[in-house]
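Undergrad: Attaching a single structure in structure tokens format; questions to follow.
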Ligand SMILES: Nc1ncnc2c1ncn2[C@@H]1O[C@H](COP(=O)(O)OP(=O)(O)OP(=O)(O)O)[C@@H](O)[C@H]1O
Ligand SMILES: [Mg+2]
């Protein structure tokens, strides 16, 4: 028989670690919400890569737009405290979130709710927090921001597998992680570390996106600047889903710099279609996982 969880029940209940019934599989409690500041968030996705500069933020932004365009409620957390990109990529360099009671109200643009350290401090101020302070700041983005109901909350992770990534992977009930890589060997080596980190903490990996796959020359031929199909081969050897290839496109870079996400400025291009296809595959994989969990719990 299941019992309703209350504050006095033993700490063996892992209700802080999940917002669905599976979080209560071992304790037998019915689904409860208290203690979980993200109980109104259905799915939490981390966009990650062990490697810097491969296009995590670019993909996270365009993924958020693609999901929002399906009518889903979407939030995006810039977890890169030392090099936030989201204010620039959304054209919100001078924006400041409002405060409501004890909470911050996320900014909202293009149908996506946003939070970044860049909204709270001047963008040219260096954050010099050490690990524990940085981890606390990330926790505050969750517990002290009024996200309300969301279908997807996306974390744009910083490069590497340091304190912030580990805090997120271990303490946030992630639905899954998306791994972004370029095709080159030097990126793949670092990306393997991110994959192994998520596996260690049992966060499902939703798939691999290969960014900067090639550059299309004016005569239509493809120049595989960073190598050929490295991301796809990596996904295969790791037994992971391959979510697609995104080419190098000047307009993608321009969209990031001028605050108009590429998916919005070039909705019908082949590159937007590739990003959209990857986003829809992520949504499909999440629905399958949800359905499987529902069957397990019934
Ligand atoms: N497909 C692409 N075509 C052209 N430019 C791209 C593409 N993807 C990303 N870029 C550009 O490459 C640079 C790095 O991208 P981005 O900031 O998204 O990477 P990142 O992995 O988030 O970096 P960091 O590790 O610093 O957080 C940016 O200037 C971005 O505009
Ligand atoms: Mg980034």
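Residue numbers (the numbering used here): 6 to 303. Even glycine gets a Cβ: it sits at the ideal position worked out from N, Cα and C.
Cβ atoms of residue 121 and residue 89: under 7 Å apart, would you say?
TA: Taking the chain shown and counting its residues from 1, one reaches residue 89 at position 84. Taking the chain shown and counting its residues from 1, one reaches residue 121 at position 116. Cβ distance < 7 Å, so residue 89 and residue 121 count as in contact.
Undergrad: Three-state secondary structure (DSSP) at residue 198?
TA: For the purposes of this step, residue 198 is taken as residue 193 along the chain shown, with counting starting at 1. Three-state result, residue 198: helix.
Undergrad: Is there at least one non-hydrogen atom of ligand 1 closer than 6 Å to the beta-carbon of residue 62?
TA: Counting from 1 along the chain shown, the entry for residue 62 is found at position 57. Answer for residue 62: yes, Cβ within range of ligand 1.
Undergrad: Just the C-alpha distance for residue 215 and residue 106, rounded to the nearest angstrom, thanks.
TA: Counted from its first residue, the chain shown places residue 215 at position 210. Counted from its first residue, the chain shown places residue 106 at position 101. Rounded to whole angstroms, residue 215 to residue 106 spans 42 Å at the Cα level.
Undergrad: Within a Cβ cutoff of 6 Å, which residues of the same chain sit near residue 136, ignoring the five residues on either side of it in sequence?
TA: For the purposes of this step, residue 136 is taken as residue 131 along the chain shown, with counting starting at 1. For residue 136, where only same-chain residues beyond five positions count, the Cβ hits under 6 Å are 168.
Undergrad: For residue 119 versus residue 91, is the C-beta spacing smaller than 7 Å?
TA: Residue mapping note: residue 119 aligns to position 114 of the chain shown, counting from 1. Residue mapping note: residue 91 aligns to position 86 of the chain shown, counting from 1. It is a contact, given that the beta carbons lie within the stated cut-off.
Undergrad: Measure the CB-CB distance between residue 213 and residue 240 and report whether it falls below 7 Å.
TA: Taking the chain shown and counting its residues from 1, the one referred to as residue 213 is at position 208. Taking the chain shown and counting its residues from 1, the one referred to as residue 240 is at position 235. Cβ distance < 7 Å, so residue 213 and residue 240 count as in contact.
Undergrad: What did DSSP end up calling residue 41 once you bin it into helix, strand or coil?
TA: Looking up residue 41 in the chain shown gives position 36. In the structure shown, residue 41 sits in coil (DSSP, three-state: anything other than H, G, I, E or B).
Undergrad: According to the Cβ coordinates, are residue 61 and residue 206 closer than 7 Å?
TA: Taking the chain shown and counting its residues from 1, one reaches residue 61 at position 56. Taking the chain shown and counting its residues from 1, one reaches residue 206 at position 201. No. Outside cutoff.
Undergrad: Inspect the beta-carbon positions of residue 80 and residue 152 and report whether they are closer than 7 Å.
TA: In the chain shown, counting from the first residue as 1, residue 80 sits at position 75. In the chain shown, counting from the first residue as 1, residue 152 sits at position 147. The answer is yes: Cβ separation under 7 Å.
Undergrad: What are the residues that DSSP puts in a beta bridge with residue 118?
TA: Taking the first residue of the chain shown as 1, we reach residue 118 at position 113. In the DSSP output, where bridge partners are listed per residue, residue 118 has 80 and 113.
Undergrad: When the Cα atoms are used, what is the spatial distance from residue 66 to residue 83?
TA: On the chain shown, position 61 is the one that residue 66 refers to. On the chain shown, position 78 is the one that residue 83 refers to. One C-alpha to the other measures close to 10 Å.
Undergrad: Anyone know if the C-beta pair for residue 180 and residue 48 falls short of 7 Å?
TA: Working through the chain shown from its first residue, we reach residue 180 at position 175. Working through the chain shown from its first residue, we reach residue 48 at position 43. Yes, the Cβ-Cβ distance between residue 180 and residue 48 is below 7 Å.
Undergrad: Mind the definition here: the stretch 246-253 touches the stretch 270-280 only if three or more C-beta pairs lie below 8 Å; say whether that holds.
TA: The stretch 246-253 vs the stretch 270-280: in contact.
Undergrad: Would you kindly report the start and end of the unbroken beta strand (DSSP E) that includes residue 53?
TA: Numbered from 1 along the chain shown, position 48 holds the residue referred to as residue 53. Looking at the DSSP string, the run of the beta strand (DSSP E) that includes residue 53 is 46-53.
Undergrad: Return the bridge partner residues of residue 160 from the DSSP annotation.
TA: One-based indexing of the chain shown puts residue 160 at position 155. Per DSSP, 51 and 82.
Undergrad: Is the Cβ-Cβ distance between residue 220 and residue 210 less than 7 Å?
TA: Reading the chain shown from its first residue, position 215 is the one you call residue 220. Reading the chain shown from its first residue, position 205 is the one you call residue 210. Against a cut-off of 7 Å, the Cβ pair of residue 210 and residue 220 comes out as no contact.
Undergrad: How big is the Cα-Cα spacing for residue 113 and residue 256?
TA: Numbered from 1 along the chain shown, position 108 holds the residue referred to as residue 113. Numbered from 1 along the chain shown, position 251 holds the residue referred to as residue 256. About 23 Å.
Undergrad: Taking the beta strand (DSSP E) that residue 137 belongs to, which residues open and close that run?
TA: Reading the chain shown from its first residue, position 132 is the one you call residue 137. Note, residue 137: premise wrong, no beta strand (DSSP E); alpha helix (DSSP H) at 136-148.
Undergrad: Where do the N-terminal and C-terminal ends of the beta strand (DSSP E) with residue 208 fall, by residue?
TA: For the purposes of this step, residue 208 is identified with residue 203 of the chain shown, where counting begins at 1. No beta strand (DSSP E) contains residue 208, which DSSP labels as neither H nor E.
Undergrad: The beta strand (DSSP E) with residue 169 in it runs from where to where?
TA: Walking along the chain shown from the start, residue 169 turns up at place 164. Here residue 169 belongs to no beta strand (DSSP E); instead the alpha helix (DSSP H) covers 168-176.
Undergrad: Our contact map puts residue 248 next to residue 286 with C-beta atoms below 8 Å; I'd like the distance itself, whole angstroms only.
TA: Indexing the chain shown from 1 puts residue 248 at position 243. Indexing the chain shown from 1 puts residue 286 at position 281. Confirmed, Cβ separation roughly 5 Å.
Undergrad: By the 10 Å Cβ neighbour count, where 16 or more other Cβ atoms means buried, how is residue 46 classified, buried or exposed?
TA: As a first step, residue 46 must be located in the chain shown, where it is residue number 41. Residue 46 counts as buried, since at least 16 other C-beta atoms from the protein chains shown sit within 10 angstroms of its C-beta.
Undergrad: So who's on the other strand from residue 181, going by DSSP bridges?
TA: By one-based count along the chain shown, residue 181 stands at place 176. Paired residues: 50.
Undergrad: If residue 94 and residue 261 are in contact, beta carbons under 8 Å, what's the gap, nearest whole angstrom?
TA: The count along the chain shown starts at 1 and reaches residue 94 at position 89. The count along the chain shown starts at 1 and reaches residue 261 at position 256. That pair is a contact at about 5 Å.
Undergrad: Mapping DSSP to helix, strand and coil, what is residue 228?
TA: Position 223 of the chain shown holds residue 228. In the structure shown, residue 228 sits in a strand (DSSP, three-state: E or B).
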